[in-house]
Amino acid sequence: MPRRFGRPGLLGTMARTAVIAGTAGAVNRSMERASQNRAQTQADAQAYRQQAAAPPPAPSGGGDDMLAQLDRLAQLHAAGALNDAEFAAAKAKLLA
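Numbering of the sequence shown is given in our numbering, commencing with residue 10 and proceeding in unit increments.
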């Protein structure tokens, strides 16, 4: 069979097109993965910055907060807004 010179035939053109399309698809998928990885890294970094900037939660028990609440209860009791039974119940609930 003689060797053909010049432009490729139909099979050669189809093979070249398939190679180009396959390469383009592989490059496209690779670029999409890289873009998704960058977006995820940026989202993780933003979440970390927000978490680091958030103030620590207030202590749930004791401290100045409890003293302030007891002081407020005492003021309400002294002003007559709470009777003795209500004051005692609120104080017991606060101290529990």
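Just so you know, even glycine gets a beta-carbon here, dropped at the ideal spot from N, CA and C.
Rounded straight-line distance, which links the Cα of residue j to that of residue i
| i | j | result |
| --- | --- | --- |
| K100 | Q78 | 9 Å |
| T26 | L20 | 10 Å |
| R38 | S44 | 10 Å |
| A105 | A98 | 11 Å |
| L76 | Q60 | 30 Å |
| T50 | R42 | 12 Å |
For residue i, three-class secondary structure by DSSP
| i | result |
| --- | --- |
| G1 | Outside the displayed range of the chain (10 to 105) lies residue 1, so it cannot be described from this structure. |
| A105 | coil |
| R12 | coil |
Other residues of its chain near residue i: CB distance less than 8 Å, five sequence neighbours each side excluded
| i | result |
| --- | --- |
| A88 | none |
| A30 | none |
Nonlocal neighbours in the same chain, by C-beta distance under 7 Å from residue i, ignoring five residues either side
| i | result |
| --- | --- |
| H86 | F96 |
Spatial neighbours of residue i in its chain, beta-carbon cut-off 6 Å, leaving aside the 5 residues before and after
| i | result |
| --- | --- |
| R16 | none |
**OP:** Starting from the N-terminal side, write out each stretch of the alpha helix (DSSP H) that is 4 residues or longer and does not extend beyond the region 37–102.
**Re:** 73–88
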